[in-house]
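Number of protein chains: 2
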Amino acid sequence: MTIAKHPAEFDDDTPIQEVLTWRIHQVHSKLNVHASKFLERTSGIALAQWRIMLSIGPEGSTTHSEICRYIAVDKGQLSRSLKGMIEEGLVKTENDEHDQRQQNISLTRKGRRIFRKTLPLMRQRQSFLVGALSKTEHKAIFSALNKLELAAENHEFLP
Amino acid sequence: MTIAKHPAEFDDDTPIQEVLTWRIHQVHSKLNVHASKFLERTSGIALAQWRIMLSIGPEGSTTHSEICRYIAVDKGQLSRSLKGMIEEGLVKTENDEHDQRQQNISLTRKGRRIFRKTLPLMRQRQSFLVGALSKTEHKAIFSALNKLELAAENHEFLP
DNA sequence: ACTTTATTGTTGACATATCAACTAAACTGT
DNA sequence: ACAGTTTAGTTGATATGTCAACAATAAAGT
């Protein structure tokens with residue numbers, strides 16, 4: 001059997017820095033830091049909060065479970081995040097008339113103000129990041145991500 | 160100002176599913192789940208533990224700070240992870256003769272056994288994932304990730 | 001020599017993620 | 001009408017990530 005000769009040589013001639021899943025992990029982490037700082041400084045909100053606000057939208061109202069589906073966040077996590085956001089006055093909830101189990105969630109005036117301010121900034125940021133890529137890279141990274149996602153969901157490779 | 164008309168429409172005509180950083184977040188998360196399950200089932204170790212073992216290598220010995228640099232993990236986190244791994248008998252430490260501050264970390268016999276078993280499996284997994292990509296996509300995703308990483312580290316876009 | 005600074009690793013505090021148990025309400029099928 | 005099942009959301013337990021304070025040692029500057 002062949003064995004990595006030195007720390008972080010994942011394959012005989014492939015240092016860990018060139019292992020795809022590792023790269024995704026690293027870049028994801030840095031993008032996260034970047035987004036969090038950016039949001040913190042421009043709007044004083046957390047990344048998780050921004051995603052939730054984006055799910056709700058400035059006018060609309062949604063429910064917990066819709067948000068969960070949309071941004072694929074754990075419902076427990078969401079419940080706690082929303083609690084914080086209500087305390088901060090970003091969102092408000094009211095019980096649904098027709099289904100006593102669910103709540104309609106919407107932005108408060110303050111939440112809307114922040115949303116309107118933040119959306120174009122986040123768009124600019126996205127343009128800045130994507131602007132670093134060529135057309136080819138841009139297309140390729142999306143289709144590559146799609147394929148990786150499918151492969152990761154595929155149980156074929158899970159014992 | 161233009162505003163998303165509906166939940167999760169990040170840009171006028173761009174649903175959140177097509178926002179690059181969001182896609183990276185999602186795919187990363189699924190790859191993480193996949194890797195964790197895979198490691199759990201094949202070797203009974205956690206992803207963080209595998210990364211650490213990979214940093215140490217089967218023969219070599221390293222220090223905390225080297226591992227931190229290598230896999231970019233927090234030193235506090237690493238300290239705790241190693242404590243667990245020592246309890247589980249995967250790694251051992253001994254004080255460095257020349258520098259009383261640092262410890263030399265190496266795999267135990269058991270750790271080596273698991274490492275040797277796991278490395279080829281993880282390579283296979285990587286091949287499986289990367290095998291889903293075309294040559295073009297493969298090249299493009301790496302260069303795209305590099306550029307995104309640079310852009311994210313760039314402070315130009317941080318207020 | 002000796003004061004200052006930098007590095008190594010541990011620990012505490014706190015935020016975030018993941019998973020599972022639980023209650024209440026709504027739906028389903030008989 | 002009503003037993004069984006599903007769905008909505010809350011809460012608890014536990015793991016992981018992030019950040020800062022700290023003690024011990026080493027290295028650098030004077």
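These protein sequence lines map, in sequence, to chains Z and P.
The first sequence runs 1 to 159 under the working numbering.
The second sequence runs 160 to 318 under the working numbering.
By construction, the Cβ of each residue, glycine as well, lies at the ideal position given by its N, Cα and C atoms.
Owing to the predicted nature of the structure, the values given are computational and were not obtained by experimental measurement.
**Report entry** Three-state secondary structure assigned by DSSP to Z:N104
**Finding:** Taking the first residue of the first sequence as position 1, residue 104 of chain Z is located at position 104. Reduced to three states, the DSSP call for Z:N104 is strand.
Query raised in the report: The beta strand (DSSP E) spanning Z:T93 covers which residue range?
Result: For the purposes of this step, residue 93 of chain Z is taken as residue 93 along the first sequence, with counting starting at 1. Residue range V91 to N95 is occupied by the beta strand (DSSP E) that includes Z:T93.
Query raised in the report: So what does DSSP say about P:T221, is it helix, strand or coil?
Result: As a first step, residue 221 of chain P is located in the second sequence; it is residue number 62 there, counting from the start. P:T221 falls in the strand class under three-state DSSP.
**Report entry** Cβ pair count under 8 Å reaching 3, the region 277–287 of chain P against the region 187–205 of chain P
**Finding:** Touching, yes.
Query raised in the report: If you draw a straight line from the alpha carbon of P:D258 to that of P:E246, how long is it in whole angstroms?
Result: Within the second sequence, the letter at position 99 stands for residue 258 of chain P. Within the second sequence, the letter at position 87 stands for residue 246 of chain P. Here the alpha carbons of P:E246 and P:D258 stand approximately 24 Å from one another.
Query raised in the report: So is Z:G164 buried or exposed if we call it buried at 16+ other beta carbons inside 10 Å?
Result: With chain Z running from 1 to 159 in the structure shown, residue 164 of chain Z is simply not present.
Query raised in the report: Where do the N-terminal and C-terminal ends of the alpha helix (DSSP H) with P:V186 fall, by residue?
Result: By one-based count along the second sequence, residue 186 of chain P stands at place 27. Counting along the chain, the alpha helix (DSSP H) containing P:V186 begins and ends at L179 to S202.
Query raised in the report: Which of helix, strand or coil does DSSP assign to Z:H155?
Result: Against the first sequence, residue 155 of chain Z aligns to sequence position 155. In the three-state scheme derived from DSSP, where H, G and I count as helix and E and B as strand, Z:H155 is classed as helix.
Query raised in the report: Any C-beta of chain P sitting closer than 8 Å to the C-beta of Z:R41?
Result: Taking the first residue of the first sequence as 1, we reach residue 41 of chain Z at position 41. In terms of beta-carbon proximity, Z:R41 lines the interface with chain P, with at least one pair separated by less than 8 Å.
Query - Z:S79 - containing alpha helix (DSSP H), residue span - result: For the purposes of this step, residue 79 of chain Z is identified with residue 79 of the first sequence, where counting begins at 1. Per DSSP, Z:S79 belongs to the alpha helix (DSSP H) from K75 to E87.
**Report entry** Rounded separation between P:Q261 and P:L292 - CA only
**Finding:** What you label residue 261 of chain P is simply residue 102 of the second sequence in a count that begins at 1. What you label residue 292 of chain P is simply residue 133 of the second sequence in a count that begins at 1. Spanning the two alpha carbons is a distance of roughly 43 Å.
**Report entry** Same chain only: Cβ atoms within 7 Å of Z:M1, ignoring 5 sequence neighbours per side
**Finding:** Working through the first sequence from its first residue, we reach residue 1 of chain Z at position 1. Low confidence applies to Z:M1: its pLDDT is 37, below 50, so where it sits in the model is not reliable enough to give any reading.
Requested in this report: Report buried or exposed for Z:E163, applying the criterion of at least 16 other Cβ atoms within 10 angstroms of its Cβ.
Outcome: Limits of chain Z in this structure are 1 at one end and 159 at the other, which puts residue 163 of chain Z out of reach.
Query raised in the report: What are the boundary residues of the alpha helix (DSSP H) that includes P:A207?
Result: What you label residue 207 of chain P is simply residue 48 of the second sequence in a count that begins at 1. Boundaries of the alpha helix (DSSP H) harbouring P:A207: L206 to I215, taken from the DSSP string.
Query raised in the report: Could one say the Cβ of Z:T136 lies closer than 8 Å to chain P's Cβ atoms, at least one of them?
Result: Counting from one through the first sequence, the residue named residue 136 of chain Z turns up at place 136. Output row for Z:T136: interface = yes.
Requested in this report: Verify the CB distance criterion: does Z:S143 have a CB-CB separation below 8 Å to chain P?
Outcome: In the first sequence, counting from the first residue as 1, residue 143 of chain Z sits at position 143. Judged by the 8 Å Cβ criterion, Z:S143 is in contact with chain P.
Requested in this report: For P:I162, collect the residues of the same chain with a Cβ closer than 7 Å to its Cβ; drop the 5 residues on either side in sequence, then sort them by chain order.
Outcome: Start at 1 with the first residue of the second sequence, and residue 162 of chain P comes out as number 3. Caution applies to P:I162, whose pLDDT of 37 falls short of 50 and renders its modelled position unreliable; the model cannot decide the point.
Report task. Could you check if Z:E149 is buried or exposed, using at least 16 other CB atoms within 10 Å of its CB as the buried criterion? Result -> Reading the first sequence from its first residue, position 149 is the one you call residue 149 of chain Z. Z:E149 comes out buried.
Query raised in the report: Which of the three DSSP states, helix, strand or coil, is assigned to P:S293?
Result: Stepping through the second sequence from its first residue, residue 293 of chain P is reached at position 134. In the three-state scheme derived from DSSP, where H, G and I count as helix and E and B as strand, P:S293 is classed as coil.
**Report entry** Under the three-state DSSP convention, the category Z:A140 falls into
**Finding:** Locating residue 140 of chain Z in the first sequence gives position 140, counting from the first residue. Helix.
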